[in-house]
Each structure stands twice: as C-alpha cells, then as structure tokens.
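Right, one structure below, let's go through it.
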Amino acid sequence: MDKHQLHLASRENVSHQWISSQSLSLLGSSVKEGLHNLHQAHDQSVTRIAMLLWSIWKSRNAMIFDNEAPKPMGSLIRAKRTWAEWQLRMSVLNPHSTPPSHSSHNSEATRLIGWRSPPGGYLKLNFDGTHSSSGAAAGFVLRDWRGRLIQAGTRFLEDAPILVAEATAMRDGIKAALATGSRKLLVEGDNKIVIQAIKGQIHTPWQIQTLIQDIRNMIPPYVDCLFQHIYREGNLAADWMAKFGCLVRSVSILYFSFSFHRDFLSILMSDNLGSTLERRVA
Numbered sequence: 001m002d003k004h005q006l007h008l009a010s011r012e013n014v015s016h017q018w019i020s021s022q023s024l025s026l027l028g029s030s031v032k033e034g035l036h037n038l039h040q041a042h043d044q045s046v047t048r049i050a051m052l053l054w055s056i057w058k059s060r061n062a063m064i065f066d067n068e069a070p071k072p073m074g075s076l077i078r079a080k081r082t083w084a085e086w087q088l089r090m091s092v093l094n095p096h097s098t099p100p101s102h103s104s105h106n107s108e109a110t111r112l113i114g115w116r117s118p119p120g121g122y123l124k125l126n127f128d129g130t131h132s133s134s135g136a137a138a139g140f141v142l143r144d145w146r147g148r149l150i151q152a153g154t155r156f157l158e159d160a161p162i163l164v165a166e167a168t169a170m171r172d173g174i175k176a177a178l179a180t181g182s183r184k185l186l187v188e189g190d191n192k193i194v195i196q197a198i199k200g201q202i203h204t205p206w207q208i209q210t211l212i213q214d215i216r217n218m219i220p221p222y223v224d225c226l227f228q229h230i231y232r233e234g235n236l237a238a239d240w241m242a243k244f245g246c247l248v249r250s251v252s253i254l255y256f257s258f259s260f261h262r263d264f265l266s267i268l269m270s271d272n273l274g275s276t277l278e279r280r281v282a
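Here the sequence shown is numbered in full-length UniProt numbering, starting from 1 and rising by one per residue.
This is how it looks when you write it as structure tokens:
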C-alpha cells in the first residue's frame with residue numbers, strides 16, 4: 001500500500017472528489033509519514049484517508065486469501081460508506097458538532113445519499129445503463145416496500161448509446177413490474193435526461209423517442225406509476241446489474257429472483273440497512 005494507490009483511489013470519482021488534491025500533497029513516502037503530516041496540518045481529510053487505508057487493506061486481504069481481483073471503485077465506495085456511517089453516528093452522539101468540510105468546497109453542501117424503500121404497497125424499480133470497452137448493457141432491480149428483492153434483470157446491448165441503455169433498462173424493468181400485477185410503482189434512475197423525458201419535462205432526444213413512447217403505451221391508466229431522479233449513490237444495485245450485463249454479454253434478458261452473487265447481496269443488504277454515501281452538491 002503506497003501513496004500511488006491512494007491517488008488512484010481518490011481519482012475514482014473526479015466529479016466530486018472525496019479527498020482533495022491539497023490533502024494528497026501532504027502525503028509523504030510512507031503511510032506513517034503521511035498521516036503524521038495530515039495530523040500536524042490539522043487536515044480534516046485524515047479521517048477519510050484512514051477509512052480509505054482500511055478499505056484498501058480489506059481488498060488486499062480478499063485478494064490474498066480469497067483470490068478476489070482488486071476493485072479500486074469498490075474499495076472507495078466501502079470507505080465512503082463507512083465514513084458516512086461514522087459521521088452519522090458522531091452527529092447522533094454529539095448533535096451540536098458541525099461535520100468537517102474542505103475549504104475548497106465551501107460553496108457546496110454535503111448530502112448523504114442512499115436507497116430508500118418506497119411507500120407501503122408500492123414496488124420500487126431502480127434502473128441503470130452502463131457503457132464499457134466491451135459495449136453497453138441495461139440493468140434493473142425491483143423491490144417491494146420492505147426491501148425484498150422481487151426481480152432483477154440485465155442484458156447486453158452491444159454498441160448502443162448510453163441513453164438507449166438507460167431507457168431500455170427502464171422499459172425492461174417496468175415490463176417486469178407490470179407482470180407482477182402491481183398497480184403501484186415508483187421508478188427511480190440516475191439519468192436526469194431519461195427521467196425528464198418520460199415525465200415530459202424536456203424534448204425527448206431522438207435516440208430514445210421510440211423507447212419512451214413504448215414505455216408510456218405499456219403503462220395502463222389504472223397503474224399509479226411515479227418517476228423520480230436519484231443520484232448514483234442511491235442506485236448502486238441497478239448499477240451493479242448493468243455492469244454484470246457487460247460481463248455476461250447476453251443479448252437476451254437474464255432474470256434473477258434471488259441474490260445470486262455475494263457482491264449484489266452486499267449492496268441489497270446495505271440498502272436495507274439504510275447505508276448512505278456522501279455527495280457534494282452545489
């Protein structure tokens with residue numbers, strides 16, 4: 001474990017960097033030296049870096065003892081989740097304290113984002129599309145108001161644009177939800193364009209006009225179907241399913257009614273426990 005690994009992990013989410021470049025510049029040639037420098041500088045990132053080091057250590061052990069391939073994004077997500085939970089517990093124990101923030105983000109607010117169960121009687125559909133070097137894929141996860149998995153699905157879409165992958169995931173998921181006979185459905189995704197398009201808030205991009213119209217046509221008037229945007233930190237299960245679709249590369253939809261993979265199960269369990277991740281928003 002070295003300074004280079006910390007830089008790699010910290011850059012996994014450059015859109016809202018979790019550890020500032022200023023803090024990383026204080027790291028020396030060793031972990032001990034780096035933590036000492038941060039402590040001496042009263043840098044608020046020292047706790048985050050400690051959580052990240054612990055998460056990297058967990059990944060290292062999994063690679064050595066369980067032969068698991070290292071996943072930098074997985075290590076970062078685990079560290080962010082642990083830090084957010086720690087912050088939440090600290091705020092409960094000391095409600096008058098103010099969570100630390102980076103001076104570079106003074107104009108931004110911090111929000112804890114996570115999956116939330118739908119109202120009683122509703123099913124909740126999370127959908128996502130992804131694009132990798134192997135191609136695009138769509139994935140969805142359908143759960144009830146207790147967080148119980150009803151069905152998940154994914155399929156490979158080859159060279160489809162990301163908007164098509166997102167809209168396809170929504171359509172596949174809604175079709176699966178309607179097949180259950182449910183008349184109350186909450187649909188959630190992290191692509192604002194697709195959500196705004198299905199709600200009629202924007203002019204639908206030409207690439208997904210047919211898909212959006214198909215979705216509108218398939219929803220009966222007696223079904224209460226709500227659509228809302230969620231940041232990707234609250235859409236991790238659907239994101240995992242979409243990425244799994246790129247891995248298995250099945251052009252036909254693969255359906256799952258149980259937690260077939262331990263990583264997927266871990267996300268579902270974390271969602272049910274109310275786990276959150278920190279996100280900085282303007």
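Using N, Cα and C, we set each Cβ at its ideal position, and we do this for glycine too.
None of these values were measured; they are calculated from a predicted model.
A direct Cα-to-Cα measurement between serine 117 and lysine 32 gives close to 42 Å.
In the DSSP annotation of this structure, glutamine 213 is not part of any beta strand (DSSP E); the continuous alpha helix (DSSP H) holding it starts and ends at 209 to 218. Here isoleucine 113 is bridged, per DSSP, to Leu277.
Membership of arginine 60 in the alpha helix (DSSP H) is indicated by the continuous run 46 to 66. A buried status is given to valine 141, since no fewer than 16 other beta-carbon atoms sit within 10 Å of its beta-carbon.
For glycine 173, no beta strand (DSSP E) encloses it; the enclosing alpha helix (DSSP H) starts and ends at 162 to 179.
Here the stretch 195 to 203 does not lie against the stretch 233 to 246, with fewer than 3 beta-carbon pairs under 8 Å apart.
The beta carbon of lysine 124 sits closer than 6 Å to the beta carbons of Pro118, Arg143 and Leu186 from its chain, once the five residues preceding and following it are set aside; these are given in chain order. The count of Cβ pairs closer than 8 Å, one atom from the stretch 127 to 138 and one from the stretch 151 to 158, reaches three, so the stretches are in contact. For alanine 152, the enclosing beta strand (DSSP E) starts and ends at 149 to 158. Counting only the Cα atoms, asparagine 67 lies some 41 Å from leucine 211. Taking a C-beta distance under 7 Å as the contact criterion, asparagine 272 and glycine 147 qualify as a contact pair.
DSSP places threonine 130 in the strand class (E or B) of the three-state scheme. The alpha-carbon separation between arginine 78 and serine 55 amounts to approximately 6 Å.
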